[in-house]
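Report on the following structure.
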Amino acid sequence: MSQAVAGNMPEPGKQQQAATSERSQDFISRRAPYVLLALMALGLVAVLFARWTGLEPVSSTSAPVVSSVELRFVDGPAGSVLVYDWHNDDRLLGEFGTGEGSFVRGVLRSMTRERRSWEVTRASPFTLARHSDGGLTIMDSATGRQILLNAFGPTNAAVFARLLEGDTEATQVGPYGY
């Protein structure tokens, strides 16, 4: 009979392991809301500190413009994208063949989507500008949306920089936009 009773009892190691596991789960579940609240408070303090001290982002588009060009994008033959000077249809600034210039295409797609959401129907230029602090931006004059191109890395920004310089040969890029 003692063997039958002993067979129904859990082993001492497993019982202790189960109790420890329950305690640790209980500890975590009780502390998790406090940890999350502390992280949120830390984030709020950081934002308030930045606002209070007037801390600016590292690269700001508020620097003066040193050079700019207004662009017009045109769908070319066989899926290519042609980039012209807005004021001079004869001045081709860049050409991206099928599968080329993916970063340029992505930025253009994003800005076109924004135009659709604002229900903009008139044709208007995109302004590509270099700022005195080295920042490179593209702005949609129809919606006012501005994108800091340097935020996407120097390689991607360089593709737009070549458009600003009007270097048609340099914009003949590879499939990944550079």
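Just so you know, numbering that gives the first Met the number 0 puts 141 at position 142 of the sequence shown, and the rest follows in order with no gaps. All residues carry an ideal CB built from backbone N, CA and C; glycine is no exception. Note that the structure is a prediction, hence the values are computed from the model and not measured.
The continuous beta strand (DSSP E) containing VAL65 extends over residues 64 to 74. Contact check for LEU70 against PHE125 passes: the beta carbons are separated by less than 8 Å. According to the DSSP assignment, PHE151 belongs to no alpha helix (DSSP H), since it is labelled neither H nor E. Excluding the 5 residues flanking it on each side, VAL119 has same chain C-beta neighbours closer than 6 Å at ALA141, in chain order. With distances taken between CA atoms, ARG121 lies nearest to THR111 out of THR111, ARG161, VAL68 and GLY78. In the structure shown, the three-state DSSP call for THR136 is strand. For ALA77, the closest alpha carbon among the candidates GLU99, ALA31, GLN145 and PHE159 is that of GLU99. Inclusion of GLY165 and LEU147 in the CB contact set at 8 Å is not warranted, their separation being larger than that value. ARG108: member of the alpha helix (DSSP H) spanning 101 to 116, first to last residue. In the three-state reduction of the DSSP assignment, ARG50 falls in the helix class. In terms of Cβ geometry, VAL158 and ILE137 do not form a close pair [threshold 8 Å]. Take the alpha-carbon of GLY42 and the one of PHE48: they are about 10 Å apart.
With fewer than 16 other CB atoms across the displayed protein chains lying within 10 angstroms of its CB, HIS86 is exposed. Within the model, the alpha-carbon separation for TYR83 versus LEU92 is close to 5 Å. Between the alpha carbons of PRO32 and ASP25 lies a distance of about 12 Å. Excluding five sequence positions before and after LEU163, the CB atoms of its chain that fall closer than 7 Å to its own CB belong to SER66, VAL68, LEU127 and ARG129, given in chain order.
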